[in-house]
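> Just so you know, we're using the working numbering here: the sequence shown kicks off at 2 and counts up by one.
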Amino acid sequence: MTEPTLDDYKTLLAAAEAVKERAYAPYSRFRVGAAVLAKSGVSYSGCNVENVSFGLTLCAERVALASAVAAGEREFLAVAIATDKDEPVSPCGACRQVLAEFGGDMVVVLPGKNGPTLRPLDSLLPSGFGPADLPPPGGAPPPKE
Ligand SMILES: [Zn+2]
2 MTEPTLDDYK TLLAAAEAVK ERAYAPYSRF RVGAAVLAKS GVSYSGCNVE NVSFGLTLCA
62 ERVALASAVA AGEREFLAVA IATDKDEPVS PCGACRQVLA EFGGDMVVVL PGKNGPTLRP
122 LDSLLPSGFG PADLPPPGGA PPPKE
């Protein structure tokens, strides 16, 4: 699959809306559904999964991405995110970083009053941390003080 069409984005957003119904959010009552579109043309969805130990909560975006990676996907075109709010909700910082691991050119698809709103992931994570920030593999260890 190359460039998704507006219908592809709408379909992805519908998948995010559908999986939102399965969210496990007894604490925040903030249900989120996400769907990622792989370059293979296959989409994978996930919902948020909260935990009484709040720090263990999984965001929908990362659940969807992990499902896709577990299926063997490594390249992605888009991620759609749906919540119960009327206004679009962007992914949290942690999810932006995890999504960027698989390409900052991924399109973030959010619901809008006049159809899906499309934003490049790079615009949501400017100056993000990436592989180029690490020393090269096999490089010298950091100097001791
Ligand atoms: Zn998140």
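Glycine included, C-beta positions come from ideal geometry on N, C-alpha and C. Given the structure is predicted, the values throughout are model-derived calculations rather than measurements.
Rank A79, L135 and C96 by C-alpha distance to the C-alpha of S41 and give the top, closest one.
Cα-wise, what sits closest to S41 is A79.
> Is A19 a contact residue of ligand 1, with contact defined as CB to any heavy atom under 8 Å?
No, Cβ of A19 sits at least 8 Å from all heavy atoms of ligand 1.
> Quick one: Cα of A101 to Cα of M107, how far?
A101 and M107: Cα-Cα distance of roughly 8 Å.
> Report all residues from its chain with a CB closer than 6 Å to the CB of E74; omit the five preceding and five following residues, and keep chain order.
Around E74: A39.
> Using the Cα positions of V109 and E62, report the straight-line distance between them to the nearest angstrom.
Rounded to whole angstroms, V109 to E62 spans 11 Å at the Cα level.
> Could you check where the beta strand (DSSP E) with R120 kicks off and where it finishes?
It spans T118 to P121 - the beta strand (DSSP E) in which R120 sits, taken as one unbroken run.
> Between E62 and ligand 1, is there a pair consisting of the residue's CB and a ligand heavy atom that are separated by less than 8 Å?
Checking the Cβ of E62 against ligand 1 gives yes.
> Whole angstroms is fine: what's the gap from V64's alpha carbon to P136's?
Approximately 29 Å, taken between the alpha carbons.
> Would the C-beta of A95 count as close to ligand 1, meaning under 8 Å from any of its heavy atoms?
Answer for A95: yes, Cβ within range of ligand 1.
> In the DSSP assignment, what are the bridge partners of S44?
DSSP, once it has assigned bridges, lists L38 as partnering S44.
> Could you tell me whether any non-hydrogen atom of ligand 1 is closer than 8 Å to the CB of P89?
The answer is no for P89.
> Tell me, which residues are paired with V50 by DSSP?
V50 pairs with Y25 and L59.
> Can you name, in chain order, every residue of its own chain whose Cβ lies under 8 Å from the Cβ of Y25, other than the five neighbours on each side?
Around Y25: C48, N49, V50 and E51.
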